[in-house]
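**Student:** In the working numbering, the protein residues as written are 1309 to 1428.
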Ligand code: HEC
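1) Do residue 1331 and the ligand HEC come close, with the Cβ less than 7 Å from some heavy atom?
2) For residue 1389, I'd like the list of residues in its chain whose CB is within less than 8 Å of its CB, leaving aside the five on either flank, ordered along the chain.
3) Tell me residue 1343's beta-bridge partners as DSSP assigns them.
4) In terms of residues, what are the limits of the alpha helix (DSSP H) holding residue 1381?
5) So, is residue 1357 buried or exposed, given that buried needs 16 or more other C-beta atoms within 10 angstroms?
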């Protein structure tokens, strides 16, 4: 960032399904706020999930790109399925991802083996 120069700030907003009316942002720690310009396009996804013959690869490709880039997955340290099960459950419970329980299991196994420390 260069002092005194304008800078474009971008982000993604999501909600539980009611719709987003406006987004505000602050550049001074919350003292003043300004309205963001809302668009509906998601940034082009350039990252990909690691290939696998496991069913969870398909499931993850469908479910884990809805809200954020797969970079979120790529940037995690190698972790076992149990970690991923907790992580995917968090996406469902905390962030409202509509992923069925059987898919959560498949995705966790896929991530635990392909990205993690579990036996392939
Ligand atoms: C309903 C939206 C949504 C879906 C679908 C979703 N996530 Fe997330 N995910 C989030 C949000 C919100 C965050 C936190 C964003 C932040 O902190 O910038 C996040 C963060 C993450 C992180 C970073 C670590 C963390 O816990 O914050 C990982 C890893 C992750 N998601 C994995 C997944 C995987 C794997 C899937 C597919 C099973 C998935 N996500 C599907 C909303 C979602």
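Glycine residues also receive a C-beta, built at the ideal position from the N, C-alpha and C atoms.
**Tutor:** Reading it off the structure:
1) Result no, Cβ not under 7 Å from the ligand HEC.
2) Taken in chain order, the residues that qualify are 1416, 1417, 1419, 1420, 1421, 1424, 1426.
3) Residue pairing by DSSP puts residue 1343 in a beta bridge opposite 1332.
4) Where residue 1381 is concerned, the enclosing alpha helix (DSSP H) stretches over 1379-1382.
5) That one is buried.
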